[in-house]
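Please read the structure below before turning to the comments.
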Amino acid sequence: MKKSLHRIFPMVIICFLSCVDKNENICNDCAESSDEGYLFKTVEVDDIADLAIIGVTAELGACINFKMDMENQTFSEATVVPDCCCSQFE
């Protein structure tokens with residue numbers, strides 16, 4: 056019984072490690088990072104007008120990578136990105 060467990064256990068570990076989501080690595084590369092002042096968020100109704108001021112068109116529910124002008128509390132830069140997976144690192 057012990058010998059069969061010793062054979063099965065390494066196989067289970069290998070299978071588990073090979074099943075890690077391949078997209079996980081994409082989320083580790085989040086373009087501009089939060090230590091540079093960039094954040095990620097889902098666009099809300101209130102954001103659409105503020106984004107239009109800086110020339111960014113984004114649909115409701117889209118994800119943006121943005122930097123805030125802290126003095127005016129408005130977007131200073133923003134880019135529409137395909138996925139908000141990086142928001143998990145905020």
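If you count the sequence shown from 1, position 83 lands on 138 in our numbering, and the numbers rise without skipping.
Here a beta-carbon is modelled for each residue, glycine too, at the ideal position from N, C-alpha and C.
These numbers come from a predicted model, not from an experiment.
Give me the Cα-Cα distance between T129 and D105, rounded to the nearest whole angstrom. Taking the first residue of the sequence shown as position 1, residue 129 is located at position 74. Taking the first residue of the sequence shown as position 1, residue 105 is located at position 50. Straight-line Cα distance between these residues: approximately 7 Å.
Using a Cβ-Cβ cutoff of less than 7 Å, which residues in the same chain neighbour E79 once the five nearest sequence positions on both sides are dropped? For the purposes of this step, residue 79 is taken as residue 24 along the sequence shown, with counting starting at 1. With a pLDDT of 47 at E79, under the threshold of 50, the predicted position of this residue should be treated as unreliable, and no value is reported.
Per DSSP, what are the beta-bridge partners of L94 in this structure? The residue labelled residue 94 in the question sits at position 39 within the sequence shown. According to DSSP, which records beta bridges pairwise, L94 is partnered with F121.
For D100, which three-state DSSP category applies? Here residue 100 corresponds to residue number 45 of the sequence shown, with the count starting at 1. The question names Asp, but residue 100 in the sequence shown is Val. Here V100 sits in helix by DSSP.
Mapping the DSSP letters down to three states, classify N78 as helix, strand or coil. Position 23 of the sequence shown, counted from the first residue, corresponds to residue 78. Below a pLDDT of 50, predicted positions are generally treated as unreliable, and N78, at 44, falls in that range; the measurement from the model is reported next regardless. Looking at N78 - three-state DSSP - the assignment turns out to be coil, as it is neither helix nor strand.
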